[in-house]
Each structure stands twice: as structure tokens, then as C-alpha cells.
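S.K.:
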Amino acid sequence: IDIYDYKSTGLGSEHKLSNQERRALEYLLSNSFQSKWKLTPTDYGELIDENKHAVFKAATLDAIKKALDFL
């Protein structure tokens with residue numbers, strides 16, 4: 001079994017998120033944002049509204065978390 005930890009590969013600064021970009025993505029994951037817009041996360045990485053309509057499609061929350069971890 002091979003396990004790769006790409007966190008230590010050291011991306012160049014041009015690939016890293018700026019502080020403002022990081023804060024913007026963190027806000028999308030925050031309880032503050034989700035409660036303001038009455039959104040609920042699902043097990044599929046979606047955010048759905050009060051009418052059960054997907055506002056963020058499947059895997060979007062996972063993708064944001066991955067970007068924050070690796071960028």
C-alpha cells in the first residue's frame with residue numbers, strides 16, 4: 001500500500017491561496033454562512049436550501065476542504 005502526503009511537496013507561492021481567498025473559502029464552510037442562507041450540508045458534500053434544492057452540488061464542500069488543505 002502506497003500512501004502519498006502531498007502537503008510536504010511544497011507548492012510555489014503562485015499556487016497558494018491568498019489570505020483573502022482562504023478566508024472566502026472558509027466562510028463558505030462556516031456555520032455563519034450556512035445559517036444566514038438557511039443551508040444544510042449533506043453526506044454527499046452538497047449544501048441544500050430549505051426546499052431541498054442543491055445550492056452547492058455534490059462534492060463541492062469536499063473540494064473546498066481539499067483546496068484549503070493543499071493550497
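Counting from 1, one number per residue, gives the positions in the sequence shown under full-length UniProt numbering. From the three backbone atoms N, C-alpha and C, an ideal C-beta is built for every residue, glycine too.
Along the chain, where does the alpha helix (DSSP H) that runs through A24 open and close?
M.R.: N19 to L29
S.K.: How about L61 and D49: are their beta carbons less than 9 Å apart?
M.R.: no
S.K.: If the criterion is Cβ atoms closer than 9 Å, does the pair L28 and L17 meet it?
M.R.: no
S.K.: When DSSP labels each residue in this structure, what does A54 get in the three-state scheme?
M.R.: strand
S.K.: Which residues does DSSP list as the beta-bridge partners of T40?
M.R.: I48
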